[in-house]
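Q: Encoded as structure tokens, here's the structure I'll be asking about.
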């Protein structure tokens, strides 16, 4: 179980200025900015949960992850994971977690992936039988049997990411931190990774904390999201409940041959190109059928479709709402 | 430890992937120290001795320092190159592993090409040992071994200090070179030639003289005080404050992040 | 032309940002110069007759070496450029409306100059006040000073042109690191960076002086200290000019050839 309470963290960053004069004065004095990266962050995650941790860049996501991994220690507040304080009991704590940093690799670059795996086996002191079992299972589920003997540098991004995920699970961690795991992956790889993570969470009851900008990941995998902005937790709740809140927003896409667009109350234009318009409908003001009637009044409609708010749009409006 | 050899094997295989590059770099390393050798040679073409030390004696001194330095550079390179490890986030990855960080930093960056410099030392030893006029009794041999071991520990300790400083800042650490590369370059000659002040500094502050000068004059017979034989152990002891400084730096890193 | 100037400005200002590094560098260089002088002093005390120049001349040489280190240091390379070549990102460079050789040349010049500006002034300032013969002497005449500055300029250009050759070699070899280390050790020895060339045995020295390395830092420093006089100075400067042109032309040709191959093979 992960429990954070009132975590605070401030960073000191030195200022760098552009321009010739500023560069010379910088030789003599130094200025600092104080950035409050985390402001009273608290949440609780139970075993087996899968949580999406979202927020714009610089919101404090990676700082929180680092604290939970035990790499960073906060100024104040408490963090207890599985009965331990991560940065105080580093080696024992780290034995039970797996981390995948989307941008950086943990595999050795020039040797076959399987060699990296064996090194990890020795680092984590994994029992031979357990290792073999995990190895077989992970290799099969992630479809990496054929690339396991290739050096990491020769793999495509999708292949490498699957190997990274396998590498992080060899020691059967109870908690898995995934930082941007699907970034840069093609559609097929994304789906493969997502279904694997889902299975992992369901069958192994591994707690998964997923930070990502890809809202489709969130939608596909998580039931609960935590939104962080400017160091503060702004939202912590059920994804479905949030979507219902935005259920009132619908989108009508209409294609037309000729005519003019009439927008009554509750309708607003999102964008329009020649012959194609996307209109946002606030169903609290006007019903969908009335909206369709209003739009088609002066329009020769050739095609029309109605869609609910996607997670992406919901998040954008959330960001706007909280001014982040 | 088994894990260490596993690291070594994976690194060796990784570096040998680029065979041509590996050997060229090794050759390059050899040539770098060869040109230092040449500089000594040229100086002694002109001068007969410096402060009573002859050419052969200086060569012996040179070989000892070169050997200890290249051993340190080969096996402790992880600390020497620590600034990159921190700046590209690899150290965070190290911290997420359930093993002692010092061990990981040490094991993960062994640089085998530095063997090139070690070979240079061996070659010079091959010439200098017989021609230096030293009477190679057991105690002299032990002194020699202790000097190399002590020097290895000393340079390793300096690398650890450098790495620990990287926890605080990655800029402005150039001055450590005075002691690492400088120690190697100026340690080519027995430290007494630089004068009393320098000798004292390298005895009490950075104990280079304990692994070079004092046992050296015992080696070439200028003194028969047996204590001097054991002074290189001061180089080993030097590791203790370096270790504590590392822990201090690590604590600081954990509370400030990167 | 203007684009190279603004490129230069950016690189130069960027170089000036590294304040702490500059302070540490100055301190390091002082220590280095100091220790080097002590070493030579030990030899001098033992046998001053074998010294090829006066000790104060040597001091000036060593301190100039430290002050202008950034201009002449052989081991300074920008890894970025090597990576651009080996990774194939060179393709981006080719998409720009600039000549790659000039870009890299200007870049090298800018970075080295910004480092030198930060360090040379403090070092030289202090050295003037050091007790002789350990300090630096003022040039013997304004003519000598002028010739010195000219010679430094040419020596610097030779160094950068040689640097360019090393970068270009990365196109032709799988192991730029190996070539680098080879070139660095060769340059250090033959340019007088390890020990000033006058200390080398006479026969060997005459040969080495014809190589471009001797024309880098050795020539201007010897001019400054008055070791070289009269027509010797003019001859040496002419030799420098020849090498500047020679290495420059060679570099441009090799670069053109290499880039042509890149375009044909696709990087």
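Residue numbers (the working numbering), protein chains in the order written: chain A, 40 to 363; chain B, 4 to 261; chain C, 13 to 279. For glycine and all other residues, C-beta sits at the position ideal for the given N, C-alpha and C. Keep in mind the model is a prediction, meaning the values are calculated, not measured.
Just the Cα atoms here: how many angstroms apart are residue 329(A) and residue 220(A)?
A: As a first step, residue 329(A) must be located in the first chain, where it is residue number 290. As a first step, residue 220(A) must be located in the first chain, where it is residue number 181. Looking at the two C-alpha atoms, the distance is approximately 43 Å.
Q: Tell me whether residue 324(A) is buried or exposed, calling it buried when 16 or more other Cβ atoms sit within 10 Å of its Cβ.
A: The residue you call residue 324(A) lines up with position 285 of the first chain. Label assigned to residue 324(A): exposed.
Q: Does the beta-carbon distance from residue 210(C) to residue 164(C) come in below 8 Å?
A: Here residue 210(C) refers to the residue found at position 198 of the third chain. Here residue 164(C) refers to the residue found at position 152 of the third chain. Their beta carbons are not under 8 Å apart, which means residue 210(C) does not touch residue 164(C) by this criterion.
Q: Once you ignore the five residues that flank residue 136(C) on each side, which residues in its own chain have a CB closer than 6 Å to its CB?
A: Taking the first residue of the third chain as 1, we reach residue 136(C) at position 124. Excluding residues within five positions, the ones whose Cβ falls inside 6 Å are 79.
Q: Under 8 Å, Cβ to Cβ, is there at least one residue of chain B near residue 213(A)?
A: For the purposes of this step, residue 213(A) is identified with residue 174 of the first chain, where counting begins at 1. Output row for residue 213(A): interface = no.
Q: Smallest Cα separation from residue 114(C): which of 177(C), 45(C), 234(C)?
A: For the purposes of this step, residue 114(C) is taken as residue 102 along the third chain, with counting starting at 1. For the residues 177(C), 45(C), 234(C), the minimum Cα distance to residue 114(C) belongs to 177(C).
Q: Could you name the residues of chain C that residue 46(B) contacts, counting a contact when the two beta carbons are closer than 8 Å?
A: Along the second chain, one-based indexing puts residue 46(B) at 43. The answer, in chain order, is 55, 207, 211.
Q: Can you give me, in chain order, the residues of the segment 83-112 of chain A that have a beta carbon less than 8 Å from any beta carbon in chain B?
A: Going along the segment 83-112 of chain A in chain order, one finds 102, 105, 108, 109, 110, 111, 112 with a Cβ nearer than 8 Å to chain B.
Q: Would you check if the segment 335-345 of chain A and the segment 237-253 of chain A touch, i.e. whether three or more CB-CB distances between them fall below 8 Å?
A: No: the two stretches stay apart, fewer than three of their Cβ pairs being nearer than 8 Å.
Q: Determine whether the Cβ of residue 54(B) lies closer than 8 Å to any Cβ atom of chain C.
A: Numbered from its first residue, the second chain carries residue 54(B) at position 51. So, interface residue.
Q: When burial is assigned at 16 or more other CB atoms within 10 Å of the CB, is residue 278(C) buried or exposed?
A: Along the third chain, read from residue 1 onward, the residue named residue 278(C) stands at position 266. Note that residue 278(C) scores 49 on pLDDT, short of 50, meaning its location in the model is unreliable; the coordinates nonetheless yield the value given after this. So residue 278(C) counts as exposed.
Q: Between which two residues does the alpha helix (DSSP H) containing residue 89(A) stretch?
A: Indexing the first chain from 1 puts residue 89(A) at position 50. Unbroken run through residue 89(A) is the beta strand (DSSP E), 89-93; no alpha helix (DSSP H).
Q: Using a Cβ cut-off of 8 Å (strictly closer), state whether residue 60(B) contacts chain C.
A: If you number the second chain from 1, residue 60(B) lands on position 57. Closer than 8 Å: no.
Q: For the segment 80-100 of chain B, list every residue whose C-beta sits within 9 Å of some C-beta in chain A, in sequence order.
A: Here the close residues are 91, 92, 93, 94, 95, 96, 98, 99, 100.
Q: Could you name the residues of the segment 15-45 of chain C whose beta carbon sits closer than 7 Å to any beta carbon of chain B, in the order they occur along the chain?
A: Under the 7 Å Cβ criterion, the segment 15-45 of chain C contributes 30, 32, 33, 35, 36, 37, 39, 40, 43, 44.
Q: To be precise: take each residue of the segment 154-175 of chain A, compare its Cβ to all Cβ atoms of chain B, and keep it if any distance is under 9 Å. Which residues remain?
A: Listed by position along the chain: 154, 155, 157, 158, 159, 161, 162, 163, 164.
Q: Taking 8 Å as the CB-CB cut-off, is residue 117(B) touching chain C?
A: Within the second chain, numbered from 1, the residue matching residue 117(B) stands at position 114. No, no contact with chain C.
Q: Mapping the DSSP letters down to three states, classify residue 258(B) as helix, strand or coil.
A: In the second chain, residue 258(B) corresponds to position 255, counting from 1. Here residue 258(B) sits in helix by DSSP.
Q: Report buried or exposed for residue 258(B), applying the criterion of at least 16 other Cβ atoms within 10 angstroms of its Cβ.
A: In the second chain, the residue the question calls residue 258(B) occupies position 255. Residue 258(B) should be labelled exposed.
Q: List the residues of chain B whose Cβ lies closer than 9 Å to the Cβ of residue 143(A), in chain order.
A: Taking the first residue of the first chain as 1, we reach residue 143(A) at position 104. By Cβ distance, chain B contributes 91, 92, 93, 95, 96.
Q: Whole angstroms is fine: what's the gap from residue 177(A)'s alpha carbon to residue 128(C)'s?
A: For the purposes of this step, residue 177(A) is taken as residue 138 along the first chain, with counting starting at 1. For the purposes of this step, residue 128(C) is taken as residue 116 along the third chain, with counting starting at 1. Looking at the two C-alpha atoms, the distance is approximately 56 Å.
Q: Which bits of chain B does residue 188(A) rub up against, with CB to CB less than 7 Å?
A: Start at 1 with the first residue of the first chain, and residue 188(A) comes out as number 149. Ordered by position in chain B, no residue passes the 7 Å Cβ test against residue 188(A), which lies about 13 Å from the chain.
Q: What are the boundary residues of the beta strand (DSSP E) that residue 330(A) is part of?
A: In the first chain, the residue the question calls residue 330(A) occupies position 291. Run containing residue 330(A): none in the beta strand (DSSP E); it sits in the alpha helix (DSSP H), 327-335.
Q: Can you give me the start and stop residues for the beta strand (DSSP E) that residue 288(A) sits inside?
A: Against the first chain, residue 288(A) aligns to sequence position 249. Taken as a continuous stretch (DSSP letters only), the beta strand (DSSP E) holding residue 288(A) covers 288-298.
Q: Would you say residue 278(C) faces chain B, with C-beta separation under 8 Å as the test?
A: Working through the third chain from its first residue, we reach residue 278(C) at position 266. With a pLDDT of 49 at residue 278(C), under the threshold of 50, the modelled position of this residue cannot be trusted; read the value that follows with caution. Not an interface residue.
Q: Whole angstroms are fine: how far does the CA of residue 13(B) sit from the CA of residue 203(A)?
A: Indexing the first chain from 1 puts residue 203(A) at position 164. Indexing the second chain from 1 puts residue 13(B) at position 10. Using only the alpha carbons, I get a separation of about 18 Å.
Q: Which bits of chain C does residue 49(B) rub up against, with CB to CB less than 7 Å?
A: Position 46 of the second chain holds residue 49(B). What residue 49(B) touches in chain C: 62, 211.
Q: Which residue or residues does DSSP assign as beta-bridge partners of residue 310(A)?
A: Your numbering for residue 310(A) matches position 271 in the first chain. Residue 310(A) pairs with 317(A).
Q: Could you tell me the distance, in whole angstroms, from the CA atom of residue 281(A) to the CA atom of residue 261(A)?
A: The residue labelled residue 281(A) in the question sits at position 242 within the first chain. The residue labelled residue 261(A) in the question sits at position 222 within the first chain. Approximately 13 Å between the Cα atoms of the pair.
Q: For chain A, check one thing: does any of its Cβ atoms lie closer than 8 Å to the Cβ of residue 6(B)?
A: Numbered from 1 along the second chain, position 3 holds the residue referred to as residue 6(B). Chain A, which has a Cβ nearer than 8 Å to the Cβ of residue 6(B), makes this yes.
Q: Determine the contact status of residue 228(A) and residue 200(A), defining contact as a CB-CB distance below 8 Å.
A: Start at 1 with the first residue of the first chain, and residue 228(A) comes out as number 189. Start at 1 with the first residue of the first chain, and residue 200(A) comes out as number 161. Going by C-beta atoms, residue 228(A) is nearer than 8 Å to residue 200(A).
Q: With three or more C-beta pairs closer than 8 Å as the rule, is the segment 166-175 of chain A touching the segment 134-150 of chain B?
A: No contact exists between the segment 134-150 of chain B and the segment 166-175 of chain A.
Q: Taking residue 250(B) as the query, report the chain A residues whose CB atoms sit under 9 Å from its CB, ordered along the chain.
A: Translated into the one-based positions of the second chain, residue 250(B) becomes position 247. Near residue 250(B) there are no residues of chain A at all, since even the closest Cβ is about 13 Å away, more than 9 Å.
Q: Is the number of C-beta pairs between the segment 90-107 of chain C and the segment 243-259 of chain B that are closer than 8 Å three or more?
A: No, they do not touch.
Q: At what residues does the beta strand (DSSP E) containing residue 118(A) begin and finish?
A: Stepping through the first chain from its first residue, residue 118(A) is reached at position 79. Counting along the chain, the beta strand (DSSP E) containing residue 118(A) begins and ends at 115-120.
Q: Given a threshold of 16 other Cβ atoms within 10 Å of its Cβ, counted over all protein chains shown, does residue 164(A) qualify as buried or as exposed?
A: The sequence position of residue 164(A) within the first chain is 125, counting from 1. By the 10 Å Cβ count, residue 164(A) comes out exposed.
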